[in-house]
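Chemist: This note's numbering applies: residue 166 is where the sequence shown begins, and numbers increase by one.
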Amino acid sequence: MARVTVEDCVLKIPNRFQLVMFSAQRARNISAGASLTVDKDNDKNHVIALREIADETLDLNELEEGLITGLQRFVENEDSENEELDLLPAQQNQEEGEESQPPMEQLSSMYVDAEIPAEVEEEADTKD
Numbered sequence: 166m167a168r169v170t171v172e173d174c175v176l177k178i179p180n181r182f183q184l185v186m187f188s189a190q191r192a193r194n195i196s197a198g199a200s201l202t203v204d205k206d207n208d209k210n211h212v213i214a215l216r217e218i219a220d221e222t223l224d225l226n227e228l229e230e231g232l233i234t235g236l237q238r239f240v241e242n243e244d245s246e247n248e249e250l251d252l253l254p255a256q257q258n259q260e261e262g263e264e265s266q267p268p269m270e271q272l273s274s275m276y277v278d279a280e281i282p283a284e285v286e287e288e289a290d291t292k293d
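(1) Just mark residue 187 as buried or exposed, buried being the case when its beta carbon has 16 or more other beta carbons within 10 Å.
(2) DSSP state of residue 167, grouped into three classes?
(3) So, are the CB atoms of residue 177 and residue 219 less than 8 Å apart?
(4) Any idea what DSSP makes of residue 215, helix, strand or coil?
(5) Contact between the region 186 to 201 and the region 220 to 232: three or more CB pairs below 8 Å?
(6) Using the C-alpha atoms, what's the distance from residue 194 back to residue 209?
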């Protein structure tokens, strides 16, 4: 194949926008060190990517998956939910020796000994 034109690739991927996204992703993969499925022939990475798409030497589903994962900003990790659930029994086991109190009561019991000076109470009353 001497020169690749978009018309050759549009036969394989009818949507031109999708073609651009796929070829750009493949060019990035080639730049990152992915193996080539066609001869280099002194072409640049984006031309090689278009030639690979035109020759159908790529699995487009794998390329699409790589594109999607590359564009995702947040990947939900299912393991983190399991770790959080595993921590709950551990916290309960630590508190077995103590009285089990709801978290708000635990916090309020921390401030029982705190004393408010009389001057601060008087200033609060005069502001109202």
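We put the beta carbon where it would ideally sit given N, CA and C, even for glycine. Quantities reported herein were computed from a predicted structural model and do not represent experimental measurements.
Modeler: Working from what's here:
(1) With 16 or more other Cβ atoms within 10 Å, it is buried.
(2) Confidence at residue 167 is low in this model, with a pLDDT of 49, below 50, so the placement of that residue should be treated as unreliable; the coordinate-derived value is given next. The three-state reading of DSSP puts residue 167 in coil, since its state is none of H, G, I, E or B.
(3) Yes, they are a contact pair.
(4) In the structure shown, residue 215 adopts helical secondary structure according to DSSP, grouped into three states.
(5) When C-beta atoms of the region 186 to 201 are compared with those of the region 220 to 232, three or more pairs fall below 8 Å, so the two segments count as touching.
(6) Linking residue 209 to residue 194 through their CA atoms gives a straight-line distance of about 13 Å.
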